[in-house]
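Notes to accompany the following structure.
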Amino acid sequence: MSDQKVASSLKDIDSVRTMIKRAKFNDHLFGMIGLLCITLILITLLILFMDLVIDGFPQLTNWDFYSNFPSRRAARAGLLSALVGSSLVMLVTFVSAVPIGVGAAIYLEEYAPKNWFTEIIEVNVTNLAAVPSIIYGLLALGLFVYTFDFGNSILTAGLTLGLLILPIVIVATRESIRAIPVAIREAAYAVGATKGQVVGQHVVKYSAGGILTGVIIGMARAIGETAPVITIGALTFIAFLPEAPISTTPPFLNFEWLTSSFTVLPIQMFSWLSRPSSAFHVNAAAAGAIIILVTLLMNAVAIKMRYNIRKKIKWQ
Amino acid sequence: MNAAKLILKRTIQLTSAIAIASALGACSTSEDTTASADAADFGPKAIVKIDGSSTVFPVTEAVAEEFQIDTKVKVTVGISGTGGGFKKFCRGETDISGASRPIKQKEIDKCKEAGIEFIELPIAFDALTVVINPANEFAKEMTVAELKTIWGPEAQETIISWNQVNPAWPDQPLKLFGPGADSGTFDYFTEAVVGKSKSSRGDFTASEDDNVLVTGVAGDKGGIGYFGYAYYEENKDKLSAVAISEDAGKAGVLPSKESIEDGTYTPLARPIFIYVKKSAAEEKAHVKAFVDYYLANGRPLIEEVKYVPLPAEDQAAVVAHWNALKTGTGFVGGKSEVGVKIKDLLDRVR
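Dropping the structure here:
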């Protein structure tokens with residue numbers, strides 16, 4: 001009788017052991033598949049990037065490439081107007097999208113009542129992130145260029161891209177605000193903080209890392225956008241720079257650059273790519289490598305900032 | 317530290333970094349701009365605004381580049397396509413519009429509504445080049461009728477092999493590559509070959525990027541395509557051009573500077589144009605100076621970017637036309653014409 005029991009329990013242990021073994025094997029298998037996926041993605045990106053760098057190497061290492069204006073001769077053609085154009089457009093995008101986006105997200109998350117109306121807004125904001133960018137271009141053409149008469153200017157482009165990344169900023173901000181434990185809020189209220197203090201000194205402070213990440217990822221998307229910028233009338237050949245935004249003489253700041261016409265990096269790249277001469281394709285590859293580099297750099301900055309901010313937060 | 321402050325601080329850091337970067341960029345060329353302040357008679361705000369066809373772009377860009385170096389007047393050139401360029405032109409946003417086809421009646425009406433008068437100036441010739449794969453030895457010479465058989469709307473899904481076009485050719489699958497329906501090149505080719513603008517079969521690989529067409533034909537033994545001469549010139553090692561004969565009896569003519577100038581490369585040689593706003597030409601000295609420069613110094617630049625300059629007497633007629641500021645188009649009802657003589661075209665404008 002007892003022998004039988006022992007035998008059956010031994011059998012059970014064996015079956016449990018095989019079960020554990022199988023589960024462990026599955027764990028490993030899943031891990032391997034995951035690793036394979038990420039390697040595939042990284043290798044693809046790396047091959048693309050290396051290909052651009054190798055093709056564009058002669059121009060990437062040529063200082064004139066960064067300080068020359070576009071030209072009909074590939075060797076003389078440079079990125080300068082596109083670099084400055086992209087930077088200034090990004091500046092306008094940042095200044096317009098961040099306050100509005102973060103403000104809207106804080107309101108939606110902290111102040112807005114939860115009813116069907118805010119529900120509709122929520123769904124729409126999330127959907128806006130999936131709207132094709134050309135639609136923003138068409139909207140901007142009608143609104144900024146014709147109705148407000150901003151012209152084909154840096155201001156128009158910056159605001160257009162600002163609109164484009166607004167949903168990204170809002171969604172990212174809301175996500176990071178939601179990640180703050182309720183206990184933090186309750187603790188702040190418990191010691192008598194007002195709503196403003198809770199939001200300003202705790203919620204936004206602790207979610208700043210996530211907000212920044214969202215903002216920079218949005219900016220990184222905006223810098224590569226071509227379609228909406230072409231729609232509002234970015235140029236292909238422009239061999240002068242807008243007025244510098246800061247000067248050494250009073251009043252130090254000027255806003256004339258906002259009305260200037262411009263070109264941006266992806267358009268410059270596209271224009272070189274569609275040239276008949278293959279010498280221009282070297283320039284296009286170099287420009288492509290630079291766009292990827294700028295994007296990677298922006299993402300790296302986002303990660304570093306988030307890390308620094310999170311390190312400073314101590315919940316005790 | 318307060319969170320809002322933190323974000324603000326970061327914002328300021330980032331903003332000033334960008335501002336400094338762009339200011340640095342501006343500094344590196346500030347020498348030019350200060351030097352130009354006294355060199356330019358037109359004032360620092362003078363800008364010549366140009367938009368329009370991507371076919372005309374290389375010529376205009378070359379002229380703009382040289383003009384800007386010589387006079388320090390700012391010039392901007394966009395690529396919105398011929399139609400997109402006219403839209404802006406007729407809204408008064410640009411001074412000059414490049415066009416690879418004549419202005420259409422609809423566009424003329426739009427301009428009229430806005431009170432914009434224009435001067436039509438042919439500036440150069442482009443040879444639409446029909447290309448085949450270098451491995452294709454049999455179709456090095458084709459008649460216009462054969463091209464029509466291949467590209468006409470009736471050919472859709474029926475003409476799929478080379479021997480259907482000419483029984484002497486092998487049973488090789490026909491692979492077609494051509495520009496998209498929005499392009500002026502497509503309009504002109506269909507007009508010249510099929511006889512009716514925009515009338516073409518639809519089952520071909522269409523791309524607005526001519527390099528895609530180059531790659532397509534170069535990679536397919538039975539490939540055939542057409543685009544502007546410059547793309548053939550740069551890819552001679554990968555493609556062969558087809559000699560075109562107007563009628564079955566005539567010898568085929570290859571596209572070249574000579575065959576365009578002496579008028580034998582018909583019907584695929586087409587003029588390209590710039591349209592200048594009359595009020596800009598009269599009131600803005602820098603726009604007038606730019607067009608003067610274009611007509612006076614354009615010839616070597618046109619050759620450099622692989623287009624063919626107008627014959628000398630036509631060029632003189634264009635200059636006279638420009639100096640007299642004659643407005644309007646020489647094309648009846650804004651309709652494209654194949655093989656039109658520049659002289660006749662200008663004479664029709666009164």
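In order, the protein sequences belong to chains R and C.
So the first sequence is numbered by my numbering: it starts at 1 and just counts up by one.
So the second sequence is numbered by my numbering: it starts at 317 and just counts up by one.
All residues carry an ideal CB built from backbone N, CA and C; glycine is no exception.
- Listed by position along chain C, the residues whose Cβ is nearer than 7 Å to that of G233 (chain R) are G394.
- Selection R:A244, R:A129, R:T295, R:V199 evaluated against F255 (chain R) yields R:A244 as nearest (Cα-Cα).
- Linking N527 (chain C) to L166 (chain R) through their CA atoms gives a straight-line distance of about 36 Å.
- CA-to-CA, the gap between E175 (chain R) and T126 (chain R) works out to about 12 Å.
- Counting only Cβ-Cβ distances below 7 Å, Y547 (chain C) has contacts in chain R at P276, in chain order.
- At a cut-off of 8 Å, the C-beta of A380 (chain C) has a neighbouring C-beta in chain R.
- Per the coordinates, the alpha-carbon of E550 (chain C) lies some 27 Å from the alpha-carbon of I230 (chain R).
- Counting the other CB atoms within 10 Å of its CB gives A632 (chain C) a total below 16, which places it among the exposed residues.
- When DSSP states are grouped into helix, strand and coil, Y111 (chain R) belongs to the helix group.
- Linking G399 (chain C) to L492 (chain C) through their CA atoms gives a straight-line distance of about 25 Å.
- Around the C-beta of G31 (chain R), fewer than 16 other C-beta atoms lie within 10 Å, and the residue is accordingly described as exposed.
- Along the segment 615-631 of chain C, going in chain order, the ones with a CB nearer than 9 Å to a CB of chain R are L617, E620, V621, K622.
- Residues V592 of the same chain have their beta carbon placed closer than 6 Å to that of V607 (chain C), with the five preceding and five following residues left out of the count.
- Distance check between K600 (chain C) and each of C:V481, C:F543, C:T371, C:D411 places C:D411 closest, using alpha-carbon atoms only.
- DSSP places T459 (chain C) in the uninterrupted beta strand (DSSP E) bounded by 457-459.
- DSSP links F148 (chain R) through a beta bridge to no other residue.
- At a cut-off of 8 Å between beta carbons, T236 (chain R) contacts chain C.
- G414 (chain C) places its beta carbon 8 Å or farther from that of G431 (chain C).
- The beta carbon of K390 (chain C) sits closer than 8 Å to some beta carbon of chain R.
- The C-alpha of A605 (chain C) is placed about 51 Å away from the C-alpha of T213 (chain R).
- Within the segment 356-436 of chain C, the complete alpha helix (DSSP H) segments of 4 residues or longer fall at 373-387, 397-406, 421-429, listed in chain order.
- When C-beta atoms of the segment 194-212 of chain R are compared with those of the segment 92-111 of chain R, three or more pairs fall below 8 Å, so the two segments count as touching.
- Runs of alpha helix (DSSP H) with 4 or more residues, each lying fully within the segment 203-268 of chain R, are found at 204-224, 227-231, listed in chain order.
- For Y610 (chain C), DSSP records no beta bridge to any residue.
- Put simply, the CB of A239 (chain R) is near chain C, with a gap under 8 Å to one of its CB atoms.
- Proximity of the segment 514-532 of chain C to the segment 563-572 of chain C falls short of the contact definition, fewer than three beta-carbon pairs being nearer than 8 Å.
- When Cβ-Cβ separations below 8 Å define contact, R72 (chain R) makes contact with chain C.
- Any Cβ of chain R closer than 8 Å to the Cβ of P374 (chain C) would place that residue at the interface, and such an atom is present.
- Counting along the chain, L492 (chain C) sits inside no alpha helix (DSSP H); it lies in the beta strand (DSSP E) bounded by residues 491-494.
- Contact annotation: the segment 374-392 of chain C touches the segment 220-239 of chain R, with at least three C-beta pairs closer than 8 Å.
- For T445 (chain C), the pairing in a beta bridge is given by DSSP as C:F543.
- Relative to the Cα of K426 (chain C), the nearest Cα in the group C:S416, C:I439, C:R407 belongs to C:R407.
- When the beta-carbon positions are compared, P450 (chain C) and L570 (chain C) stay at least 8 Å from each other.
- DSSP places I290 (chain R) in the helix class (H, G or I) of the three-state scheme.
- Under the three-state reduction of DSSP output, V665 (chain C) falls in the coil class, being neither helix nor strand.
- Distance from the Cα of A130 (chain R) is smallest, within the candidate group R:L163, R:Y189, R:A112, R:E119, for R:L163.
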